[in-house]
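Beneath this line is the structure, given in structure tokens, with notes to follow.
Numbering (the working numbering), first residue to last: 177 to 278.
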């Protein structure tokens, strides 16, 4: 008997959750189709949206930078492996310290 009450309670709660979800989706859909209005109540048909660049794309004076942000160089696998090995050996706990302990 308690199992039937749990199933009934879960069904009612699930029904309310799904109906709330559907209502929220409908509300979002209707709000997204509304046109924004200016304070006088007229649509903003002649205004263009202002594009604001990301802060990382601006210099200290707020002007857009005009330089590449990422430069990728291609190197062969052996050179990359040598550089990584050198970094590993120079790091704390690298091979150089392990050989000193032995």
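Every residue, glycine too, gets a C-beta built ideally from N, C-alpha and C.
Item to check | Inter-residue spacing [alpha-carbon to alpha-carbon] between residue 265 and residue 254 | outcome: Rounded to the nearest angstrom, the two C-alpha atoms are 16 Å apart.
Checklist entry - Roughly how many angstroms lie between the CA atoms of residue 251 and residue 260, to the nearest whole one? => result 13 Å
Next on the checklist: Under DSSP, the alpha helix (DSSP H) around residue 179 begins and ends at which residues?
Outcome noted: 178–209
Next on the checklist: Which of the three DSSP states is assigned to residue 233 in this structure?
Outcome noted: helix
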